[in-house]
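Read through the structure below, which is laid out as C-alpha cells, and then see the notes.
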Ligand SMILES: C[S@@+](CC[C@H](N)C(=O)[O-])C[C@H]1O[C@@H](n2cnc3c(N)ncnc32)[C@H](O)[C@@H]1O
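In the numbering used here, the protein residues as written are 122 to 361.
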C-alpha cells in the first residue's frame with residue numbers, strides 16, 4: 122500500500138515500525154514483563170468466538186492475535202492488517218497467510234464483515250483514533266466484538282508520573298542497547314502521555330455504539346484489556 126505524500130504522519134509511523142520490526146517481539150516481552158501472551162490469550166478466551174469466526178487482527182504487527190485465535194478456534198479465519206509491510210512479512214514467516222497492508226481508517230472490507238476485531242497496542246498509534254473507531258465499527262457485524270489490549274494512563278496521578286517516567290527510562294535503555302538510538306522506543310510513553318485511562322476509553326467505546334463494555338486492568342492500570350460488543354441496532358447510536 123502506498124501512502125499519499127501529504128500523510129507524513131503515516132509515513133513516519135511506517136518508517137519507525139519498519140526499523141524496529143525485527144526486534145519487535147522481543148521488546149514487547151520486555152515491556153510487558155513477559156505477560157503479553159497471557160494477556161492476549163485472555164483477550165481471545167473472553168471473546169468466546171464462534172467456531173468459524175471471521176476475525177480482524179488490526180495493527181497486527183507480527184500477528185500474535187491471529188495465531189492465538191487459530192490456536193483456540195482452528196476453523197476460524199483471521200486476517201492480519203497492518204500499515205507496515207515489514208511487520209506483515211514477519212507475520213507471514215510466522216505462519217500468517219491472510220495479511221493485508223492498509224491504514225486502520227480505510228479498511229478494504231465491506232461493512233459487517235467481522236465477528237470480532239482484535240487490536241494489540243495499536244490504538245495509541247492511530248493518528249485519528251475516532252476515525253479508526255468509526256471504521257472498525259463499520260466492518261464489525263452487529264453484535265460482534267472489539268477486543269483491545271493497550272497501554273493506558275493509570276488513574277492515580279502519582280502512579281501516572283512514575284509509570285510514564287519508567288517507560289522513558291526503559292525505552293531509552295533498550296533503544297540504546299539494541300539500535301544505538303535511545304529515542305527509538307520512547308514512542309510508547311510519547312503516545313501514552315496524550316492518551317486516556319482505562320475507564321475513559323471504556324466510556325469512549327460506549328459513545329461509539331458499543332454496549333456491554335468490560336475492562337480489566339493490569340500493572341496498576343498501566344495496561345488494559347477491553348471487550349466491547351457492538352450494539353445490535355447500530356443505526357440508533359450516533360457515533361461522535
Ligand atoms: C505496537 S505494534 C502492535 C503489534 C501487535 N498488534 C502486538 O500486539 O504486538 C503497532 C502496529 O500498529 C501498526 N500501525 C500503526 N499505525 C497504523 C495504522 N494507521 N493502520 C494500521 N496499522 C497501523 C504498526 O505498523 C505496528 O505494526
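All C-beta atoms, glycine included, are put in the ideal place defined by N, C-alpha and C.
By the 10 Å Cβ neighbour count, where 16 or more other Cβ atoms means buried, how is residue i classified, buried or exposed?
i	result
residue 125	exposed
residue 326	buried
residue 335	exposed
residue 292	buried
residue 127	exposed
residue 155	exposed
residue 187	buried
residue 135	buried
residue 174	buried
residue 130	exposed
residue 157	buried
residue 211	buried
residue 204	buried
residue 362	Here the chain comprises residues numbered 122 to 361, so residue 362 is not present and cannot be evaluated.
residue 256	buried
Since residue i sits in a beta bridge, which residues does DSSP pair it with?
i	result
residue 335	348
residue 238	177 and 267
residue 261	235
residue 272	344
Should residue i and residue j be called a contact, given that it needs their Cβ atoms to be closer than 8 Å?
i	j	result
residue 288	residue 266	no
residue 189	residue 162	yes
residue 182	residue 208	yes
residue 151	residue 177	no
residue 202	residue 228	yes
residue 180	residue 246	yes
residue 352	residue 332	yes
residue 319	residue 342	yes
residue 258	residue 330	yes
Check your understanding: So does the stretch 229–236 actually touch the stretch 160–178, counting three or more Cβ pairs closer than 8 Å?
Key -> yes
Exercise for review: Counting only runs of 4+ residues fully inside the stretch 146–221, write out the alpha helix (DSSP H) ranges in chain order.
Suggested key: 157–168, 185–193 and 206–214
Review point. Within the chosen definition, does the stretch 260–276 reach the stretch 341–348 through at least 3 CB pairs nearer than 8 Å?
Key: yes
Practice item. Count the CB pairs spanning the stretch 249–267 and the stretch 276–285 that are closer than 8 Å, and state whether there are at least three. Key: Using a C-beta cut-off of 8 Å, the stretch 249–267 makes no contact with the stretch 276–285, since fewer than three inter-stretch Cβ pairs fall below that distance.
Review point. Would you say the stretch 217–231 touches the stretch 142–157, given that touching needs at least three Cβ pairs under 8 Å?
Key: no
**Study point:** Length-filtered (4 minimum) alpha helix (DSSP H) runs lying within the stretch 275–308
**Key:** 278–300
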